[in-house]
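Visitor:
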Amino acid sequence: KDIYDEANQHTCTGIGYHADVVPLETTMTIVARLFSLMKDAGYTNYVPSCVTSFGVFSEMIEIWNRQPETLAKTREYLYKATGREFDIPLNLVHPSDIIYKFRFDLKEKMKYSLVNRFTGKPLQVVEHIGCHYAKIFPEKGVGKAEFPHVLAGMIEAWGGEVVDYPERRHCCGFGFRHYLLQENRGYSIANTKKKFESMEPYEPDFIVANCPGCTMFMDKWQYTIAEMEHKTYDKDGYGIPVLTYEEMAGLLLGYNPWNLGLQLHQVQSEVLLNKIGIPYDPNEKYKGASGQILPKPERPNNLLV
Numbered sequence: 002k003d004i005y006d007e008a009n010q011h012t013c014t015g016i017g018y019h020a021d022v023v024p025l026e027t028t029m030t031i032v033a034r035l036f037s038l039m040k041d042a043g044y045t046n047y048v049p050s051c052v053t054s055f056g057v058f059s060e061m062i063e064i065w066n067r068q069p070e071t072l073a074k075t076r077e078y079l080y081k082a083t084g085r086e087f088d089i090p091l092n093l094v095h096p097s098d099i100i101y102k103f104r105f106d107l108k109e110k111m112k113y114s115l116v117n118r119f120t121g122k123p124l125q126v127v128e129h130i131g132c133h134y135a136k137i138f139p140e141k142g143v144g145k146a147e148f149p150h151v152l153a154g155m156i157e158a159w160g161g162e163v164v165d166y167p168e169r170r171h172c173c174g175f176g177f178r179h180y181l182l183q184e185n186r187g188y189s190i191a192n193t194k195k196k197f198e199s200m201e202p203y204e205p206d207f208i209v210a211n212c213p214g215c216t217m218f219m220d221k222w223q224y225t226i227a228e229m230e231h232k233t234y235d236k237d238g239y240g241i242p243v244l245t246y247e248e249m250a251g252l253l254l255g256y257n258p259w260n261l262g263l264q265l266h267q268v269q270s271e272v273l274l275n276k277i278g279i280p281y282d283p284n285e286k287y288k289g290a291s292g293q294i295l296p297k298p299e300r301p302n303n304l305l306v
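Numbering (our numbering), first residue to last: 2 to 306.
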C-alpha cells in the first residue's frame, strides 16, 4: 500500500490521441516519459487515475509487447528528446481496481453506509463503467466488458443495491471527437439522454462512475436537458446526483462533502446526503480555501438546487 504521487506528471494526450490530433508516435513518447518518472522514483507498478489514461497506457504497452521494433523507436525518441529512459510497468491498474480490492477493509473504517436512513432500505445505485476501462481491453478489468464488477462490488459491499437497467452498458455520451466538434454535440447529449430515460423508471438515488469524463457529462447534461426540455429524471426536480467512486468512498468514510467538491457539481447532493445521514453545513458550502465565502453561482431555471 505504497503510492507515490509524482509532481511532474503531465497529459497522456488521451483526448488528443483519440480525436486524431496527436500522432501515435508522439503519444508513445509522452507515455514513455511518464513511465520514466516511475523508473526514477524507484517504482515498478503504475496507477493512472484517469480511465482514458488507463486505456492509452494499456494500448501502448500492448503495441510495444507485440512490436519490439516500435518499442526500440520509442526509447530512441524519448532519449533524443529528453535524455531519459523508461521501463514498462510490471503492473498497470486503475485506482478503482485498488478501491475494489480493499473495499471490505475500507468498510471497517466507514462511518456511513449506502442505506436510506428514513426507510432502512439499500440505496438504489446506477453504476457506470468508463468505456476506456472495460471495452477497449476488457480482459484488464474485473468482469470484463459485459459484467464489470469493480463498481458493483463497492456498492454491494457498502450496503447499496445495483440498478440493472436496459442501457446499463451504453456510453455516457461524451465521445471525444463528437463533443470536440460543436456541430456534433447533439449526438453526445442524445446518447446521455438515452441512458437517463432508461434508468428513470428504476428511480435511482444516485449514479456512480469510475471515469471523470463520464461523471462530468452525466452531471452537466442533466442541467442542459433541464434547461432545454424542462425535464429532470427524478420525481422532485433535483436531478440524479452523479458521483465518482472516490467521492462515494470519501462520503462514507466521513469526509466533509464540501472538501470533496460536491458543490461544484451541476446536480447538487443535499438530498442524497440527507438520505444517508451525512451532516453538512450549508453556510460553508461556498467557503474558499482562505476561509472567505465565495459568491454563489446562479440558480438554474429548471433544475432545483
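Where is the CB? At the ideal position from N, CA and C, for every residue including glycine.
Going by the beta-carbon positions, is the gap between C13 and S50 smaller than 7 Å?
Guide: On the sequence shown, residue 13 is found 12 positions in, with the first residue counted as 1. On the sequence shown, residue 50 is found 49 positions in, with the first residue counted as 1. No, the pair does not count as a contact, with Cβ atoms beyond the cut-off.
Visitor: Nearer than 6 Å: is that true of the beta carbon of L305 relative to any heavy atom of the ligand PLP?
Guide: As far as ligands go, the structure on display features none, and thus does not contain the ligand PLP.
Visitor: Quick check on E248: buried or exposed, where buried means 16 or more other Cβ atoms within 10 Å of its Cβ?
Guide: The residue given as residue 248 occupies position 247 in the sequence shown. Under this definition E248 is a buried residue.
Visitor: Can you tell me which of the three DSSP states I226 falls into?
Guide: The count along the sequence shown starts at 1 and reaches residue 226 at position 225. I226: helix per DSSP, three-state reduction.
Visitor: Whose C-alpha, out of F177, D41, P149 and S270, is nearest the C-alpha of C215?
Guide: Translated into the one-based positions of the sequence shown, residue 215 becomes position 214. It is F177 whose Cα lies nearest to the Cα of C215.
Visitor: Using only the alpha-carbon positions, how far apart do I89 and E140 sit?
Guide: The sequence position of residue 89 within the sequence shown is 88, counting from 1. The sequence position of residue 140 within the sequence shown is 139, counting from 1. Going by the C-alpha atoms only, they are around 19 Å apart.
Visitor: Between L273 and P298, how many whole angstroms is the CB-CB distance? I'm expecting something under 8 Å.
Guide: For the purposes of this step, residue 273 is taken as residue 272 along the sequence shown, with counting starting at 1. For the purposes of this step, residue 298 is taken as residue 297 along the sequence shown, with counting starting at 1. So it is not a contact: roughly 19 Å between Cβ atoms.
Visitor: Threshold first: 3 residues or longer. Then list the beta strand (DSSP E) segments lying entirely within the region 109 to 190, N to C.
Guide: Listed in chain order, they are 125 to 129.
Visitor: Put T71 into one of helix, strand or coil per three-state DSSP.
Guide: Taking the first residue of the sequence shown as position 1, residue 71 is located at position 70. Helix.
Visitor: Mind checking which residues open and close the beta strand (DSSP E) that includes T245?
Guide: Taking the first residue of the sequence shown as 1, we reach residue 245 at position 244. Taken as a continuous stretch (DSSP letters only), the beta strand (DSSP E) holding T245 covers V243 to T245.
Visitor: Per DSSP, what are the beta-bridge partners of F207 in this structure?
Guide: Along the sequence shown, one-based indexing puts residue 207 at 206. Paired residues: V126.
Visitor: If you run the structure through DSSP and keep just helix, strand and coil, what is I294?
Guide: The count along the sequence shown starts at 1 and reaches residue 294 at position 293. Note: I294 maps to strand in three-state DSSP.
Visitor: For E128, count neighbouring C-beta atoms within 10 Å of its own C-beta (all shown protein chains included) and say buried if the count is 16 or more, exposed if not.
Guide: Sequence index remark: in the sequence shown, residue 128 carries index 127 (1-based). Classification of E128: buried, given that the 10 Å Cβ count is 16 or more.
Visitor: So who's on the other strand from K288, going by DSSP bridges?
Guide: Locating residue 288 in the sequence shown gives position 287, where the first residue counts as 1. Paired residue(s): I294.
Visitor: Helix, strand or coil: how does DSSP classify N92 here?
Guide: Within the sequence shown, residue 92 is the residue found at index 91, counting from 1. Strand, per DSSP.
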